[in-house]
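Structure first, then comments.
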Amino acid sequence: MSQTKHDGAARQRETEPLGITYDRLRLDALLTRLVRERGIKTALELPADGAKAMPSIYSLALARAGVHVTLYRPEEQGLEVWRRLGLIDKVTAVYEGTPAATGLPDRSFDLVWNFVSVGFRPDFGDIIGEMARLSNRHVLTVHCNGFNWGYPWHKLLHAAFRLPWTHGETAYFFPNRVRDVYRGRGLHPAEFGHLDMPWWPDPPGFRDVRLHLSGGDRVEDLEWTAPIEAIYAGGEVPKLVQRLAKIEESEIPTPVRTIFSHLFYQLGERTSA
């Protein structure tokens, strides 16, 4: 689909690299397991944006597992992927309100979740409170891992190129801070884990620097190609991705997993009736 910016200029094209495909597939494994183990039938992705990647398609795994998905403020280019995969009937889009005050009814969803972006925001606590209000049981957030060996390297690259830090509230790159917010908003931290564990640092930084320097720092300003779409449509998972997944699913000492994982997740359960 041809895309243009709001000012009429053509959008810069960007294809997600192999590392993004890998983290999408690891996320899919997590979401699919949670659906199976916790009986999830409805889910809200709040908000449904992107993290240096195609926005609004992180919940496709939920829909493929039979969950009806609501996306909060999805991008049209992401919804096009849902249409092409024949899953548009399993998704509802919501645009009213703000992430911290959606106006949606209490306890409307089995799962309310977000991939990475809410952890960047200064109103993280307020959004977690809204997620807790909207969930009838589960809240899930996925975060950049501040213990990953690439984090100081990424900070150094921003300093070296004199680029502003646009990756938000780094306090929520650390699990204890996230759990503190969960508890403060009436959520019991029920399950924690790491995911997305290749050998390279997160992120290597060069793509991030290139996007900064080219003015394409906002995902909605780019026309994305997501190779995961071809995999969902029946394409083969790259051999390297398959090998990495086998390693990640093996018995890995916790300190090694902590240093090499790009992401961590926290699942919370409501503690109030």
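Going letter by letter, the sequence shown gives residues -18 to 254 in this note's numbering. Beta carbons: idealized from backbone N, C-alpha and C, even for Gly. If you're wondering where the values come from, they're calculated on a predicted model, not measured in any experiment.
Residues that residue i bridges to, as DSSP identifies them
i, result
"N129", "Answer is none; N129 lacks a bridge partner."
"F245", "H124, H175"
"V237", "V237 is not bridged to any residue."
"Y53", "V75"
"P170", "G249"
"H119", "L92, E250"
"E217", "Answer is none; E217 lacks a bridge partner."
"R(-6)", "E204"
"R25", "This sequence places Leu at residue 25; Arg is not what is there. According to DSSP, L25 bridges with T51, V93."
Euclidean distance between Cα positions of residue i and residue j
i, j, result
"G249", "A214", "32 Å"
"I38", "V16", "17 Å"
"H49", "D87", "17 Å"
"R238", "A29", "28 Å"
"Y132", "R19", "33 Å"
"E56", "A81", "19 Å"
"Q(-16)", "E111", "Residue placement at Q(-16) is poorly supported in this model, since its pLDDT is 35, which falls under 50; the coordinates are not used for a value here."
"V123", "A32", "11 Å"
"N117", "L168", "11 Å"
"R(-6)", "G59", "14 Å"
"D104", "T83", "14 Å"
"S40", "F101", "19 Å"
"R64", "P208", "16 Å"
"V99", "I108", "7 Å"
"S253", "M35", "36 Å"
"A24", "D91", "6 Å"
"H175", "L8", "10 Å"
"F79", "A10", "The residue you asked about is not Phe; residue 79 is Thr in the sequence shown. One C-alpha to the other measures close to 29 Å."
"D177", "L138", "22 Å"
"P219", "P234", "26 Å"
"T151", "V159", "11 Å"
Exposure label - residue i; buried when at least 16 CB within 10 Å
i, result
"H119", "buried"
"H(-13)", "Its pLDDT being 40, under 50, H(-13) is placed unreliably in this model, and the value from its coordinates should be taken loosely. Under this definition H(-13) is an exposed residue."
"D70", "exposed"
"R143", "exposed"
"Y53", "buried"
"L43", "buried"
"P26", "Note that residue 26 is Glu in the sequence shown, not Pro. E26 should be labelled buried."
"T51", "buried"
"S231", "exposed"
"E217", "exposed"
"G0", "buried"
8 Å Cβ cutoff, residue i in contact with chain D
i, result
"G78", "Within the model displayed, chain D is absent; a lone protein chain is all it includes."
Residue i: first and last residue of the uninterrupted beta strand (DSSP E) it sits in
i, result
"D9", "It is not in any beta strand (DSSP E) - D9 instead sits in the alpha helix (DSSP H) that spans -1 to 19."
"R160", "First-last for R160: 156 to 165, but that is the alpha helix (DSSP H), not the beta strand (DSSP E)."
"V264", "For residue 264 there is no data in the structure shown, the boundaries of the chain being -18 and 254."
Same chain, Cβ closer than 7 Å to residue i, neighbours up to 5 away in sequence not counted
i, result
"P272", "Any answer about residue 272 is impossible in this case: the structure gives the chain only from -18 up to 254."
"L225", "Y3, P179"
"F128", "T239, I240"
"Y76", "R54"
"A113", "V120, R166, G167, L168, R251"
Cβ shell of residue i (< 6 Å), same chain only, five flanking positions each side left out
i, result
"V62", "I38, E210"
"L12", "A42, L43"
"M(-18)", "Summary for M(-18): the model assigns pLDDT 28, below 50, so the residue's position carries little reliability; its value from the coordinates is reported in the next sentence. Once the five neighbours on either side are set aside, the close Cβ partners of M(-18) are E61."
Spatial neighbours of residue i in its chain, beta-carbon cut-off 8 Å, leaving aside the 5 residues before and after
i, result
"G(-11)", "Because the pLDDT at G(-11) is just 47, under 50, the model does not fix this residue reliably, and the point stays unresolved."
"K136", "W146"
"G165", "G106"
"T73", "H49, V50, T51, L52"
Enclosing alpha helix (DSSP H) for residue i [first to last residue]
i, result
"Y320", "Coverage of the chain is limited to positions -18 through 254, which leaves residue 320 absent and any answer about it impossible."
"L43", "41 to 45"
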